[in-house]
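>
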Amino acid sequence: MEDTSRRSFLKTYWLQQICKIVDGYQEGLKEDLDRQKFDDFFESYESSYALTLAYPDDLLMATARQEGVEVEGREKIDIVKELFVKRGEFGHR
């Protein structure tokens, strides 16, 4: 009688490894897509209107300073983007 336990182990092992690789690849693609959407959102003032132009300047600057974001000499869109990342609204830092 032939011992198939090694053969089935190897088949199962390789199948599991391939599944892990595919899952990791798909997760990386999703993270990349999320990052691209985030960057596109802050590409211009029009695309990020709700956070950059409609938000009161004094409240934004006070919040940014409170979170430790440098505000002097910076564009409002850059301040909002850094604040958004720092507050944990987006997973990439």
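Position in the sequence shown (from 1) plus 133 gives the number in this note's numbering.
In this text, a Cβ means the ideal position worked out from N, Cα and C, and glycines have one as well.
Is G161 close to chain D? Criterion is C-beta to C-beta, closer than 7 Å.
You won't find chain D in this structure, because it holds only one protein chain.
> Measuring CB to CB, does A197 end up less than 7 Å from L184?
Here the question's residue 197 lines up with position 64 in the sequence shown. Here the question's residue 184 lines up with position 51 in the sequence shown. Cβ distance not < 7 Å, so A197 and L184 don't count as in contact.
> Which term fits F142, buried or exposed, when burial requires 16 or more other beta carbons within 10 angstroms of its beta carbon?
Here residue 142 corresponds to residue number 9 of the sequence shown, with the count starting at 1. Result: exposed.
> Buried or exposed for V155, going by 16 or more other Cβ atoms inside 10 Å?
Taking the sequence shown and counting its residues from 1, one reaches residue 155 at position 22. V155 should be labelled exposed.
> Look at the alpha carbon of Q159 and the alpha carbon of Q150, and state the distance between them as a whole number of angstroms.
For the purposes of this step, residue 159 is taken as residue 26 along the sequence shown, with counting starting at 1. For the purposes of this step, residue 150 is taken as residue 17 along the sequence shown, with counting starting at 1. Approximately 14 Å, taken between the alpha carbons.
> Give the DSSP-derived three-state secondary structure of G161 in the structure shown.
Working through the sequence shown from its first residue, we reach residue 161 at position 28. In the structure shown, G161 sits in a helix (DSSP, three-state: H, G or I).
> Between the C-alpha atoms of D190 and S181, what's the straight-line distance to the nearest angstrom?
Here residue 190 refers to the residue found at position 57 of the sequence shown. Here residue 181 refers to the residue found at position 48 of the sequence shown. Each residue's alpha carbon lies about 15 Å from the other.
> Would you say G221 touches the ligand MN, meaning its beta carbon is less than 6 Å from a heavy atom?
The ligand MN is not part of this structure, which contains no ligands at all.
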